[in-house]
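**Student:** Before I ask anything, here is the structure I am working with.
Protein chains in written order, with the working numbering: chain G, 41 to 778; chain Y, 13 to 56.
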């Protein structure tokens, strides 16, 4: 008969907890992973021997049950609360074979909660290389548990772990340390007052800031026959507990664990020295960043062009195949164009997360965190602020939530407020399309201008975050600072499975999360762009035909015809077409192109007088000084919901009424301003990119900031400050460059 | 007629989704905000 059990995976950060979780659950998981840190719990299902089915919970990494941050409190609260639906039947503590001493501290604490606890010693494949020898049987006896030696890299030991979990009823739940040893007199009194409660749990409720449902702290404090101790006295007892635990661990390891320390040093030490060096460390990081941005542009250009063409063809196919009508037009010009505007960026997003994931998996990211800490301190940020700031390059939402690890409220608030300046993946599509349009394709020292521009934008975002932190630090008058502690994990070859999961999850999240919003906005925009109330809209055909009859075609249409004819002539001559045939076919082609140009001019006129055109025109005076026309203005407005909507909006606006099979980039490149110059030129392009670099255009981030700060004051401050600042910078940039 | 029905039906769905996503209070059948990874926040 099958049985469902709850299993909690617990461990210090960087012990390979996520890898064990991945191997246990495979694809049966709901992953909520954040770059660099696990903030929320992850869940998955694992089938075990003898028909047992396990619900596996991957809890946030924690060094001990003495909590210092919100996410660590999550672990303690779950382990103390038997009424929680996720309360584990068995706890699996993941440790790293090279850091057993520190990892066992957490193990003994969990064991003392009287939960059956299995010890996983991970990265066992390194034992021989590092000169480590382990007497597993003796250690099992000393720790009163069962041990699984696991190597997630070599996929070893997972079956044994599954066996142990399935057999959890035979795992001892006896504590390692008798809590009364901490203070016999105090714990005797505590036991007498609460005879039915577990002593070590009571001790945690007294000393930790957690909400434990069955026994509330207040109940202990209010107990008439029990007087608790002062904070200082409790701290002393906590120190005693720590000493007792390490005595127990040292005794255990002395008899069961041997390590040749000379073998453990060597390459790692040298690499650390180099990668965290005051000069070379930054230089290496800079080169790695350059390589990443170069790759994002070069490698992904082929799949991107392919996707762009496919969507243009799909739109054309829908128009030619389905019966003509409003829905066919909506499908071809609104839905397909809108989706195309987001799908095209899959290759770049995938490459970005591939590199971020490789850096994290290899252990290099922790060195970067350490390295950047030196830079950040003078600006008043905590070392722990770096994790949210780096995570912010993916998405500001988990990054803002990752600030929960920062204990000091003011430092946390500053980090929350400045994190949205870092370049999130939603800005990437905007930057990519604008860079491709306005930055020339040349190279400098073998690096393309386009890649350098992208990197510069990332640095501007990061620089602005630091600068704002410095200003806020002065305004908010931070007095205290939290300690910075970062674990330097051993270097390791990234696990393909983990990297693949990250890339897949992030790309999926980008496409499906943003895709739904973009699709909905594209549909609404298409309707607003295809309908209008004015006479100009209703009589567009007549008005434009009269104008063409009187003044001829517009400059844009003339150029369009000339360019197409010239390309046709060149191709025909290369094919050896005779002069007479060529002349005839050019006459036919010119007529066809003229018809298309007239249709295009009518569409443009209609769009200009549609609902969206009217709205855009009303908004135009605000964006004109920045070098934008009303179409860009509409895209800027709609992207206040989410930045990435910008490209989808422009794709939809430029597609309304168009019969051309054209790519988004070509359409944008063909746009001209009032004076006949390309609308997307260097000045307007840089202005737009800077606007997007600084503006707060993400409703979801605002919502999460509200949740994390528990006030509307801070998100509104963020929105106001960032938008005004972005406008001013974009204005200055355009006026200087034009 | 069918084309119009489909087109305006799509429009209503799109507007309803955007209202639900951004304007309606959280209690209105919405899931709790979680990280981008699983229950997408919609920010990226």
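Note that beta-carbon positions come from the ideal geometry of N, C-alpha and C, so glycine has one too.
Given residue 347/G, which residues of its chain have a CB within under 8 Å of its CB, disregarding the five upstream and five downstream residues?
**Tutor:** Your numbering for residue 347/G matches position 307 in the first chain. 380, 383, 384, 386 and 387.
**Student:** Just how far apart, CA to CA, sit residue 600/G and residue 543/G?
**Tutor:** The sequence position of residue 600/G within the first chain is 560, counting from 1. The sequence position of residue 543/G within the first chain is 503, counting from 1. Residue 600/G and residue 543/G have their C-alpha atoms spaced approximately 41 Å apart.
**Student:** Taking C-beta pairs closer than 7 Å, name the residues in chain Y that residue 567/G reaches, listed in chain order.
**Tutor:** For the purposes of this step, residue 567/G is taken as the residue at position 527 of the first chain. Here the neighbours are 23.
**Student:** By Cβ distance below 8 Å, which residues in the same chain neighbour residue 476/G in space, the five residues on each side in sequence not counted?
**Tutor:** The residue labelled residue 476/G in the question sits at position 436 within the first chain. The residues are 490 and 705.
**Student:** Excluding sequence positions up to five away, which residues of its chain have a Cβ less than 8 Å from the Cβ of residue 481/G?
**Tutor:** Counting from 1 along the first chain, the entry for residue 481/G is found at position 441. So the list reads 488, 489 and 490, once near-sequence residues are dropped.
**Student:** Would residue 35/Y count as contacting chain G if we go by Cβ distances under 8 Å?
**Tutor:** On the second chain, residue 35/Y is found 23 positions in, with the first residue counted as 1. So, not an interface residue.
**Student:** Where does residue 174/G fall in DSSP's three states?
**Tutor:** Working through the first chain from its first residue, we reach residue 174/G at position 134. Strand.
**Student:** With 16 other CB atoms within 10 Å as the buried threshold, where does residue 32/Y fall?
**Tutor:** Translated into positions along the second chain, residue 32/Y becomes position 20. Residue 32/Y is exposed by the Cβ-count criterion.
**Student:** Name the chain Y residues whose beta carbon is nearer than 7 Å to that of residue 395/G?
**Tutor:** One-based indexing of the first chain puts residue 395/G at position 355. Here the premise fails: no neighbours, minimum Cβ distance about 16 Å.
**Student:** Taking all protein chains shown into account, decide if residue 503/G is buried (16 or more other Cβ within 10 angstroms of its Cβ) or exposed.
**Tutor:** Here residue 503/G corresponds to residue number 463 of the first chain, with the count starting at 1. Exposed.
**Student:** So for residue 214/G, helix, strand or coil by DSSP?
**Tutor:** Taking the first residue of the first chain as 1, we reach residue 214/G at position 174. Coil at residue 214/G, not helix or strand.
**Student:** With 16 as the cutoff for other CB atoms within 10 Å, does residue 353/G come out buried or exposed?
**Tutor:** Taking the first chain and counting its residues from 1, the one referred to as residue 353/G is at position 313. Exposed is the call here.
**Student:** Determine whether the beta carbon atoms of residue 559/G and residue 604/G lie at a separation below 8 Å.
**Tutor:** Looking up residue 559/G in the first chain gives position 519. Looking up residue 604/G in the first chain gives position 564. No; because the gap between Cβ atoms is not below 8 Å, this pair is not in contact.
**Student:** Tell me residue 136/G's beta-bridge partners as DSSP assigns them.
**Tutor:** Translated into positions along the first chain, residue 136/G becomes position 96. Residue 136/G is bridged to 162/G.
**Student:** Name the two residues that bound the continuous alpha helix (DSSP H) containing residue 319/G.
**Tutor:** As a position in the first chain, residue 319/G is number 279, starting the count at 1. Unbroken run through residue 319/G: none, as it is neither H nor E.
**Student:** Under the three-state reduction of DSSP, which class applies to residue 46/Y: helix, strand or coil?
**Tutor:** Looking up residue 46/Y in the second chain gives position 34. In this prediction, residue 46/Y has a pLDDT of 39, which is less than 50 and means its spatial position is unreliable; nothing more can be read from the coordinates.
**Student:** Taking residue 192/G as the reference, which of 162/G, 214/G, 48/G and 173/G has the closest Cα?
**Tutor:** Translated into the one-based positions of the first chain, residue 192/G becomes position 152. Of the candidates 162/G, 214/G, 48/G and 173/G, the one whose C-alpha sits nearest the C-alpha of residue 192/G is 162/G.
**Student:** Using a beta-carbon distance below 8 Å, is residue 97/G in contact with chain Y?
**Tutor:** The sequence position of residue 97/G within the first chain is 57, counting from 1. So, not an interface residue.
**Student:** List the residues of chain Y that residue 344/G touches, going by C-beta distances under 8 Å, in chain order.
**Tutor:** As a position in the first chain, residue 344/G is number 304, starting the count at 1. The contacting residues do not exist; residue 344/G stays about 18 Å from chain Y at best.
**Student:** Tell me whether the stretch 51 to 59 of chain G and the stretch 95 to 102 of chain G touch, counting them as touching only if at least three CB pairs, one residue from each stretch, are closer than 8 Å.
**Tutor:** yes
**Student:** The alpha helix (DSSP H) spanning residue 453/G covers which residue range?
**Tutor:** As a working note, residue 453/G is residue 413 in the first chain. 449 to 458 is the extent of the alpha helix (DSSP H) around residue 453/G.
**Student:** Within 10 Å of its beta-carbon, does residue 649/G have 16 or more other beta-carbons around it, so buried, or fewer, so exposed?
**Tutor:** For the purposes of this step, residue 649/G is taken as residue 609 along the first chain, with counting starting at 1. Label assigned to residue 649/G: buried.
**Student:** Evaluate residue 515/G with the Cβ neighbour count: other Cβ atoms within 10 Å of its Cβ, from every protein chain shown; 16 or more gives buried, anything less gives exposed.
**Tutor:** Counting from 1 along the first chain, the entry for residue 515/G is found at position 475. So residue 515/G counts as exposed.
**Student:** Looking at the C-beta of residue 47/Y, does it have a partner C-beta in chain G at a distance below 8 Å?
**Tutor:** Taking the first residue of the second chain as 1, we reach residue 47/Y at position 35. At residue 47/Y, the pLDDT of 36 sits below 50, so the modelled position is not reliable and the matter cannot be decided from this model.
**Student:** Which residue or residues does DSSP assign as beta-bridge partners of residue 97/G?
**Tutor:** Here the question's residue 97/G lines up with position 57 in the first chain. Residue 97/G is bridged to 48/G and 83/G.
**Student:** So, for residue 277/G: in the same chain, excluding its five sequence neighbours on each side, which residues have a beta-carbon less than 6 Å away from its beta-carbon?
**Tutor:** Counting from 1 along the first chain, the entry for residue 277/G is found at position 237. Excluding positions up to five away in sequence, the list reads 222 and 223.
**Student:** Mind pulling the chain Y residues with CB within less than 7 Å of residue 367/G?
**Tutor:** Stepping through the first chain from its first residue, residue 367/G is reached at position 327. What residue 367/G touches in chain Y: 15, 18 and 19.
**Student:** Taking the C-alpha atoms as reference points, what is the distance between residue 18/Y and residue 688/G?
**Tutor:** Along the second chain, read from residue 1 onward, the residue named residue 18/Y stands at position 6. Along the first chain, read from residue 1 onward, the residue named residue 688/G stands at position 648. Roughly 22 Å between the two C-alpha positions.
**Student:** Less than 8 Å between CB atoms is the rule here; does residue 49/G satisfy it with respect to chain Y?
**Tutor:** Position 9 of the first chain, counted from the start, is the residue given in the question as residue 49/G. No - not a single Cβ of chain Y is within 8 Å of the one on residue 49/G.
**Student:** In chain Y, what lies closer than 9 Å to residue 561/G by C-beta?
**Tutor:** Numbered from 1 along the first chain, position 521 holds the residue referred to as residue 561/G. When 9 Å is used as the limit between beta carbons, residue 561/G is near these residues of chain Y: 26 and 30, in chain order.
**Student:** Please report how far the alpha carbon of residue 755/G lies from the alpha carbon of residue 115/G, in whole angstroms.
**Tutor:** Start at 1 with the first residue of the first chain, and residue 755/G comes out as number 715. Start at 1 with the first residue of the first chain, and residue 115/G comes out as number 75. So the two alpha carbons sit approximately 29 Å from each other.
**Student:** Would you call the stretch 667 to 675 of chain G and the stretch 710 to 726 of chain G in contact, with 3 or more CB pairs under 8 Å?
**Tutor:** yes
**Student:** If we cut at 8 Å on Cβ distances, does residue 676/G have a partner in chain Y?
**Tutor:** As a first step, residue 676/G is located in the first chain; it is residue number 636 there, counting from the start. So, not an interface residue.
**Student:** Roughly how many angstroms lie between the CA atoms of residue 521/G and residue 449/G, to the nearest whole one?
**Tutor:** In the first chain, residue 521/G corresponds to position 481, counting from 1. In the first chain, residue 449/G corresponds to position 409, counting from 1. Confidence at residue 521/G is low in this model, with a pLDDT of 47, below 50, so its placement is unreliable and no value can be given for it.
**Student:** Under the DSSP definition of a beta bridge, which residues are partnered with residue 382/G?
**Tutor:** Taking the first residue of the first chain as position 1, residue 382/G is located at position 342. None, per the DSSP bridge assignment.
**Student:** Taking 8 Å as the threshold (beta carbon to beta carbon), is residue 405/G in contact with chain Y?
**Tutor:** Residue 405/G sits at position 365 when you count from the first residue of the first chain. For residue 405/G, the answer is no, since every Cβ of chain Y falls outside 8 Å of its Cβ.
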